[in-house]
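K.L.:
Got a structure for you, written out below as structure tokens; questions coming shortly.
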Amino acid sequence: MGLLPIIEIPDPILRTQSEPVERVDRELGRLISDMFDTMYAAPGIGLAAVQVAVPRRLLVIDLQEPEEEGGEAVKRPHVFINPEILHASDARKTYNEGCLSIPEQYAEVERPDVVRIRWTDADGAVREGEFDGLMSVCLQHEIDHLNGVLFIDHLSRLKRDMVVRKVMKARREREKAAIL
Ligand code: GNR
Ligand code: NI
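The numbers in this note's numbering rise by one with no breaks, and the one at position 120 of the sequence shown is 122.
Right, here's the structure in full:
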């Protein structure tokens, strides 16, 4: 179990272009395992390596949709290494997005409904697949991270500035409360 600190705006690392993963080896396996621990603890449904200050083209996802039976959510971990969007549908959909690097802020973001992705899996095999629904939203959100893009970049300037100000204000108030 390895929890990694999640970086938040306005950390400039979030704006860097992540570099391709060169080798799928034991060291990468350890990072992937720590990223899942960090994502489940947050909790979140996705995490890009750059959010733990490792600017490599790697992301993990577990939508953890509640099971029919009730009780514990079944874990369905997905690893995407060097993911590429091969095709995005003309049809769009909006989803109320949040981001662990932009704490407690949510906004409606419009994106392509369906995407076709090519990636390398945790065993080093190249795979391809088509994704819709929340998986499509989350994949696009995480691939944006690999390119230094945040969900707020899809909003109007006014809405983006409002979200950034709210995050900064909440942090100032948290720090003030910690001193008192
Ligand atoms: O946990 C997360 N939830 C979420 C909700 C709607 C759209 C995207 C996401 S991803 C986010 C975790 C995160 O910040 N990943 O980069
Ligand atoms: Ni995010």
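For every residue, glycine included, the Cβ atom is placed at its ideal position computed from N, Cα and C.
Please list the terminal residues of the continuous alpha helix (DSSP H) segment that includes Leu33.
P.N.:
Looking at the DSSP string, the run of the alpha helix (DSSP H) that includes Leu33 is 28-43.
K.L.:
Under 8 angstroms, with one C-beta from each stretch per pair, do the stretch 110-120 and the stretch 163-173 reach the 3-pair mark?
P.N.:
Touching, no.
K.L.:
Have a look at Lys178 and Lys171 and give me their C-alpha separation to the nearest angstrom.
P.N.:
Straight-line Cα distance between these residues: approximately 10 angstroms.
K.L.:
Who are the Cβ neighbours of Asp155 in its own chain at under 8 angstroms, not counting the five residues just before and after it?
P.N.:
Asp146, Arg162.
K.L.:
For Thr96, which residues in the same chain have their Cβ closer than 7 angstroms to its Cβ, ignoring the five residues on either side in sequence?
P.N.:
Closer than 7 angstroms at Cβ, skipping near neighbours: Glu110, Val111, Glu112.
K.L.:
Relative to the alpha-carbon of Pro57, which residue among Ile87, Met41, Met137, Thr18 has its alpha-carbon at the smallest distance?
P.N.:
When only C-alpha atoms are compared, the closest one is Thr18.
K.L.:
Please write down, chain order preserved, every residue whose beta carbon lies under 6 angstroms from a heavy atom of the ligand NI.
P.N.:
Listed along the chain, these residues meet the criterion: Cys101, Leu102, Ser103, His143, His147.
K.L.:
When we look at the beta-carbon of Ile63 and count the other beta-carbons within 10 Å, is it buried (16 or more) or exposed?
P.N.:
Classification for Ile63: buried.
K.L.:
May I ask you to report which of helix, strand or coil DSSP gives Ala75?
P.N.:
If DSSP states are grouped into helix, strand and coil, Ala75 belongs with coil.
K.L.:
Just verifying my parser: in three-state terms, what is the DSSP assignment at Ala179?
P.N.:
Of the three classes helix, strand and coil, the one that applies to Ala179 here is helix, per DSSP.
K.L.:
Excluding sequence positions up to five away, which residues of its chain have a Cβ less than 8 angstroms from the Cβ of Ser35?
P.N.:
The residues are Gly4.
K.L.:
Apart from the five residues just before and just after Leu152, which ones in its own chain have a Cβ nearer than 8 angstroms to its Cβ?
P.N.:
Excluding sequence neighbours, Leu152 sits near Ile11, Leu16, Cys101, Ser103, Ile104, Asp146.
K.L.:
Closer than 6 angstroms to a non-hydrogen atom of the ligand COA - does that hold for the CB of Val139?
P.N.:
Because the ligand COA does not appear in the structure shown, any question about it cannot be addressed here, the ligands present being the ligand GNR and the ligand NI.
K.L.:
What separation, rounded to the nearest whole angstrom, lies between the Cα atoms of Ala93 and Asp115?
P.N.:
Approximately 6 angstroms between the Cα atoms of the pair.
K.L.:
If we call anything under 7 angstroms between Cβ atoms a contact, is Ala75 one with Leu61?
P.N.:
Contact: no.
K.L.:
Below 7 angstroms between beta carbons: does that hold for Gln66 and Ile8?
P.N.:
No. Outside cutoff.
K.L.:
Can you tell me where the beta strand (DSSP E) holding Val117 begins and where it ends?
P.N.:
From DSSP, the beta strand (DSSP E) with Val117 extends over 117-122.
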